[in-house]
DNA sequence: TTGTAGGCGTTATCAC
DNA sequence: GTGATAACGCCTACAA
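Protein chains in written order, with our numbering: chain A, 307 to 635; chain B, 307 to 635.
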C-alpha cells in the first residue's frame, strides 16, 4: 500500500487538498479537521515526499558548494571542515541541505554550475575561493542564479557576500612587525588574482603608509598558500628582509623551515590560525579568522536570499595572535 | 515558454515518448528520428529536469554522509577533505552527488537518517565512524536502506564496507617497537566501542603474541583520537613504559608534548600520517592510511550497490612510515 | 518504430 | 472550510 497524501486523505475522510493544507499550516482548515488529519498522519507515520514537493514548488532545498579543482589548498586548509559543519548546521535550520562537490580537472570551470542549473538540481550556490573577474560569478549572474560568495571582489559589491576583514588583518600583522622595528617585511601573498590577496596587499601597504615608510615592491611575492611555496619563495629570495609576513600559516611554516636551513632568524607572521600554528616550533604568530562564523553567516545569507530575496553581506573581524615566531631577538 | 519534453516533442514533430527514448538511449528509435530529436534538443538547449526524473524513477541521485556530532575528530582529521574529494569525484562518474551534513547535538542519532529515508531525499548512505552494535546500522538495516560503511564491525560482516587494514597496521607498528627492543609499549587506543579501536587492539596483541611476549593489560588506554587526550593519558600514567603507540597522530603528538614536559624520551609511533606528522619536531613515525583510496572505494561501492545491487567490500593496505620519533636513543 | 495515456506525490486554483 | 482537478516534467506499459 502506498503511503501518500491520497491515502491519508481517504483515511481521514477528507480531500487531498485538505491534507495538504494541514501539512502546510494553512489557516483555512477547521480545528477539528486539522486534528483529525494530524491523527491519521501520526497513526500511519506519513511523511511528505520531498521530491514531489520539489517538482511542484520548483525548489529542491539544496545548496551547492563546488570546490574548484585548482583550489587544493581549500581542502588542505584544516579549518575547512569546521566551515562545512557550520554551513550545514545553519542550512538545516531552514530545511536546506548542502550538496558538496569538486570540479573536474581540465574542465570548463562553470560546467558543473551549468549542469546544476539546467537540471534544476539546486536552489542556490555558495562560492568559495573568489577571484577578481570571476568566471563563475559572471556565469551565475547571467543565469540569474542565486548565490552568495565568500570574499569580496571589487567588481561585484552588489553581491551578497561574507568575508573576513583581510585588509585589517594584513594591516595589523604588518603594523606589529613594523612596530617591532622591522623595516623590510617580506610579504608572501597568495595568488595575485584572488580577492583575499588583493585585500591583504592593501592592508600591508596601508601599514607602511601609516608609518610614513616607503613600500618596496620587490618585497611582495606571490605564493599559492601551500607550505612548499612559502619554503621556496624564501629560499630563492635574493633581496634583504628583516621579517616575514605570509598570507597563510602553511606558507609561514614553509618560510620558517627555509629560515632554519638558511640559519637565519627573523620574526615570522602567518595568517589563518590553523591548528598547526600553535603546534609547530616556534609556535606561530598569526591572524585568526573566525572560520566558524564565516560558515554560519554564508549559510544564513543564502537562506535569506532564497527565502526572502534579501541580499545580506557581512565583513567579520579578525584577531592578531602573538606567539613565539615573532618574538625572536 | 516552458522548456520541457513536450516542447521538444512538438518541435521535432514526434511524441514525448520518443523524445524520452532518445534521452534514455533506447534502441527503439530510428536513426533518423533520433538525429532529428537530438538536433531540436541542441537547438533549444533542452536539458531534462532532474527532479521530475527523480519523482518518476524514485531515485534522487543523492548519497548522504552524516557526520556524527560526537565525532569531532572526523572533522579535525586533516585528511577528511581528501576523503570527501575522492568520494564526490567517484560519485559524479555515475551522476550521483554527495549530500553532506552534520548531526545535531543532543539528538536521536538516527533522526536525520529517518528524515532522509521518510522524505526520500537520498538513495543511499555512507556511514563513517562505525561502532560495534551501531545504532545507525541497525536502523538502516531495519528500513532496508542501502548503505556502505567505512570500517568493519564484527557483528555486521554482511555489509558492503571499505576499511583500511587497522589490525595489520597496529601489528606493524607494535612489532617495529618490539623489534627495537621495547617491551612495555604504552598503547593509546581510540574509544573502546569504535570498530577501528577493536581492530587495532587485535593488531597490538598479535604483535606481542608473535614475539612470545606477555601482554600487560594496564598498558592499554583509551583516548578520543584528539591531541589533548594523548597528552593527558601520558601525563597521568603511573606505570612503567618504554615506548608509545598511539592510535592517531594527533594523540601521538600530544604524547610527545607530555614526554617533553616530563623530560623523557621514548620511541613514539602514531597512526594516520596526517600532514602534521612530517612537520612536528621530532617528525612522527606512523602508519599511513590511503585515505584517498578509502574515499574512492566507498563511493564505488555505494554506486555499485545502488546501480547493480552488488555488495562490495574491500580492505586496503596500510604502510609503516619511519621518521624521527621512533629513532631515539 | 512510434504514439497515447496514466501515474509518480504534491500543491494551487477553482468552485461550492 | 472543503473538495475536485489540473498542473509540475518525466517515463513506460500498452496499443497501433
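C-beta: ideal position from N, C-alpha, C; glycine also.
Ranking A:368, A:421 and A:624 by CA distance to the CA of residue 509 of chain A puts A:624 first. Going by DSSP, residue 389 of chain B is part of no beta strand (DSSP E) but of the alpha helix (DSSP H) stretching over 386-399. Counting C-beta pairs with one atom in each stretch, the segment 492-509 of chain A and the segment 522-532 of chain A have three or more that are closer than 8 Å, which means they touch.
When CB distances to chain A are screened at a threshold of 7 Å, the residues of the segment 383-413 of chain B falling below it are 384, 386, 387, 388, 390, 391, 394, 395, 398, 403, 404, 405, 406, 407 and 408, in chain order. Counted as a single uninterrupted DSSP element, the stretch harbouring residue 403 of chain B is not any alpha helix (DSSP H) but the beta strand (DSSP E) occupying residues 403-408. At a cut-off of 7 Å between beta-carbon atoms, residue 426 of chain A makes contact with chain B. Straight through space, the alpha carbons of residue 408 of chain B and residue 399 of chain A are spaced by roughly 12 Å.
The Cβ atoms of residue 549 of chain B and residue 446 of chain B do not sit closer than 7 Å to each other. Close CB contacts of residue 320 of chain A within its chain, under the 8 Å cut and outside five residues either way in sequence, are with 339, 342 and 343 (chain order).
Under the DSSP assignment, residue 549 of chain A falls in the beta strand (DSSP E) whose first and last residues are 549-552.
By the Cβ neighbour-count rule, residue 450 of chain B is exposed, with fewer than 16 other Cβ atoms within 10 Å of its own. In this structure, residue 422 of chain B sits away from residue 416 of chain B, with a CB-CB distance that is not shorter than 7 Å.
Closest option to residue 404 of chain A, judged by alpha-carbon separation, among A:392, A:437 and A:370: A:370.
The beta carbons of residue 571 of chain A and residue 479 of chain A sit no closer together than 7 Å. Distance from residue 577 of chain B to residue 475 of chain B at the Cβ level is roughly 7 Å; contact confirmed, criterion being Cβ atoms closer than 8 Å. With a threshold of 16 other beta carbon atoms within 10 Å, residue 465 of chain A meets it and is buried.
In the structure shown, residue 449 of chain B adopts coil according to DSSP, grouped into three states. In the DSSP assignment, residue 625 of chain A falls within the beta strand (DSSP E) that extends over 625-627.
Along the segment 586-611 of chain A, the beta strand (DSSP E) occurs as fully enclosed runs of 3 or more residues at 592-594, listed in sequence order. As computed with DSSP, residue 545 of chain A is found in no beta bridge at all. Excluding the 5 residues flanking it on each side, residue 545 of chain B has same chain C-beta neighbours closer than 6 Å at 524, in chain order.
About 11 Å separates the CB atoms of residue 454 of chain B and residue 443 of chain B; that is not less than 8 Å, and the two are not in contact. By the criterion of a C-beta distance shorter than 7 Å, residue 563 of chain B is surrounded in its chain by 537, once the five residues flanking it on both sides are discounted.
Residue 533 of chain B and residue 360 of chain A have their C-alpha atoms spaced approximately 44 Å apart. In the DSSP assignment, residue 571 of chain B falls outside any alpha helix (DSSP H) and carries neither an H nor an E. Residues of the same chain with a CB within less than 6 Å of the CB of residue 596 of chain B, apart from the 5 flanking positions on each side, are 622 in chain order. In the three-state reduction of the DSSP assignment, residue 434 of chain B falls in the coil class, being assigned neither a helical nor a strand state. Using beta-carbon distances, residue 358 of chain A counts as an interface residue toward chain B, with a partner under 7 Å. Cβ-Cβ separation between residue 324 of chain B and residue 335 of chain B: approximately 6 Å, consistent with a contact (criterion under 8 Å). Look at residue 311 of chain B here: in three-state DSSP terms it is helix. In this structure, DSSP gives residue 493 of chain B an extended state, which the three-state scheme calls strand. By the Cβ-count criterion, residue 628 of chain A is exposed, with fewer than 16 other Cβ atoms from all chains shown falling within 10 Å of its own Cβ. Cβ neighbours of residue 365 of chain A within its own chain (closer than 7 Å, five residues either side excluded): 429. When C-beta atoms of the segment 581-591 of chain B are compared with those of the segment 552-559 of chain B, three or more pairs fall below 8 Å, so the two segments count as touching. Taking 7 Å as the cut-off, the beta carbon of residue 389 of chain B is found closer than this to the beta carbon of residue 601 of chain B. In this chain, the alpha helix (DSSP H) harbouring residue 358 of chain A covers 356-363.
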